[in-house]
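**Q** I have a structure here, written as structure tokens, and I will follow up with some questions on it.
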Amino acid sequence: MSYRVSVDPEVCISSGRCVADAPDLFRFDADEIAEPVPGAPQPADERALDLARACPSGALLVHDADTGEEVDVFG
Ligand code: SF4
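Here the sequence shown stands for residues 42 to 116, where the numbers follow my numbering.
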């Protein structure tokens, strides 16, 4: 399985958690909303799940790269 992580900018509350935990993957945009670092590789699946679970607002979304379906990170 291969996961893809994205940020829902409407849900991000700028906590900075993902930026602090994974500066290789996420940064703040000009409005201090998290966004993927351009060109960054996708994290390993377990790291993707850990990052999504740690986001306090649920703004980090994980999708199955093959099916496109959203993964329930707490499931
Ligand atoms: S952890 Fe979630 S709420 Fe915090 S900056 Fe990242 S996406 Fe936004």
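Using N, Cα and C, we set each Cβ at its ideal position, and we do this for glycine too.
How would you call valine 103, buried or exposed, if buried means at least 16 neighbouring beta carbons within 10 angstroms?
**A** Flag for valine 103 reads buried.
**Q** Proline 97: buried (16+ other C-beta within 10 angstroms of its C-beta) or exposed?
**A** With fewer than 16 other Cβ atoms within 10 Å, it is exposed.
**Q** Leaving out five residues on either side along the sequence, give the residues of the same chain with a beta carbon under 8 Å from the beta carbon of aspartate 86.
**A** The answer, listed in chain order, is Met42, Ser43, Tyr44.
**Q** Cutting at 8 Å between CB atoms, please list the residues of its own chain near glutamate 76, excluding the five before and the five after it.
**A** Around glutamate 76: Val48, Pro50, Phe67, Arg68, Phe69, Asp70.
**Q** Could you tell me which uninterrupted beta strand (DSSP E) segments, each at least 3 residues in length, are contained entirely in the region 80-110, listed from first to last along the chain?
**A** Segments of the beta strand (DSSP E) lying fully in the region 80-110: 101-105.
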